[in-house]
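The structure appears below as structure tokens.
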Amino acid sequence: MAIKILLVDDNENNLLSIEVVLEKEKYEFHRATSGKEALRILLKEEDFTLILLDVKMPIMDGYETAELIYQRDKLKQIPIIFITAHDYEEAAIFKGYKAGAVDFIRKPFNAEILRSKVAVFTELYRKNQLLRQQEEKVQAINNQLLELNQDLERRVLERTMELENLNQELQALNLSKDKFLSVISHDLRNPLTSLLISSENLDQDAEKLQAGQIKLLAGIINRTSKKY
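Each position in the sequence shown, counted from 1, maps to that position plus 12 in this note's numbering.
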């Protein structure tokens with residue numbers, strides 16, 4: 013996780029001094045000798061961990077530079093530490109915090125204090141990055157769960173529709189079966205009745221019936237049987 017620090021001071025010796033103090037921590041430094049140059053760098057690169065910004069600079073001082081930096085939403089998360097040779101006057105401090113500063117370091121700076129303050133914001137940056145990565149992982153997992161849930165809902169819906177279609181087909185088949193059985197029952201009822209009556213007459217009254225009557229009943233049975 014690269015730690016990029018933007019150093020802004022119109023005096024290059026001051027920039028070099030800061031780098032020498034912080035070089036053991038293996039930070040990645042970017043230099044700007046004016047507020048305008050700092051803004052130009054920030055237009056190209058936005059992923060800085062910290063900005064060390066000199067207050068007293070010609071044309072555009074540190075306060076104005078900070079205000080312009082924070083006009084861009086993507087740069088508002090970068091903390092700015094003002095470096096000043098002036099006393100910590102209440103009005104100057106208020107102006108600095110209003111411009112967006114998170115801290116002040118006085119010139120000539122104490123090396124240990126500089127290292128300590130930079131280390132604090134560096135550690136905060138690392139933790140924020142780790143937190144952001146965890147949030148991205150959680151979001152990715154949530155997205156996967158959402159996709160799985162949507163897929164499951166889709167499959168359940170498809171299965172439900174399939175079952176409904178099958179149920180409708182089954183109802184249609186049952187209705188067709190009932191109609192078929194009704195037709196068959198109706199078509200068979202009359203010939204069966206004739207067969208039953210004719211056969212009962214032959215069975216019960218065979219001895220009483222004349223040859224012509226027996227022949228008639230036998231003919232009915234024969235014709236009915238052949239017809240159906």
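Note that CB positions come from ideal geometry on N, CA and C, so glycine has one too.
query, result
"Alpha helix (DSSP H) runs contained entirely in the segment 87-139, provided each spans 4 or more residues", "102-111"
"Opposing strand residues paired with residue 170 [DSSP bridges]", "DSSP, once it has assigned bridges, lists no residue as partnering residue 170."
"Helix, strand or coil at residue 63 [DSSP, three-state]", "strand"
"Which residues DSSP lists as bridging residue 44, in chain order", "20"
"Minimum C-alpha distance to residue 48 - residue among 58, 191, 74", "74"
"Environment of residue 143 [buried if 16+ CB atoms lie within 10 Å]", "exposed"
"Short Cβ contact (8 Å threshold) for residue 134 with residue 77", "no"
"Alpha carbon of residue 19 to alpha carbon of residue 45, nearest angstrom", "8 Å"
"Limits of the unbroken alpha helix (DSSP H) element including residue 78", "74-81"
"Where residue 14 falls: helix, strand or coil (DSSP)", "coil"
"Per-residue burial, residue 9 [other beta carbons within 10 Å of its own, 16 or more giving buried]", "Nothing in the structure corresponds to residue 9, since the chain is present only between 13 and 240."
"Backbone secondary structure at residue 68 - three-state DSSP", "coil"
"C-alpha gap between residue 105 and residue 111, whole angstroms", "10 Å"
"Counted within 10 angstroms of its Cβ, other Cβ atoms place residue 129 as buried (16 or more) or exposed", "buried"
"C-beta atoms of residue 54 and residue 81 nearer than 8 Å", "yes"
"Counted within 10 angstroms of its Cβ, other Cβ atoms place residue 59 as buried (16 or more) or exposed", "exposed"
"Buried or exposed by the 16-neighbour rule on C-beta atoms within 10 Å, applied to residue 163", "exposed"
"Same chain, Cβ closer than 8 Å to residue 131, five either side skipped, listed in chain order", "37"
"Three-state class that DSSP yields for residue 38 in the structure shown", "coil"
"Straight-line gap, residue 168 to residue 90 (C-alpha atoms, nearest Å)", "48 Å"
"Same chain only: Cβ atoms within 6 Å of residue 12, ignoring 5 sequence neighbours per side", "Summary: the structure shown does not reach residue 12, with the chain confined to residues 13 through 240, and so no result is reported for it."
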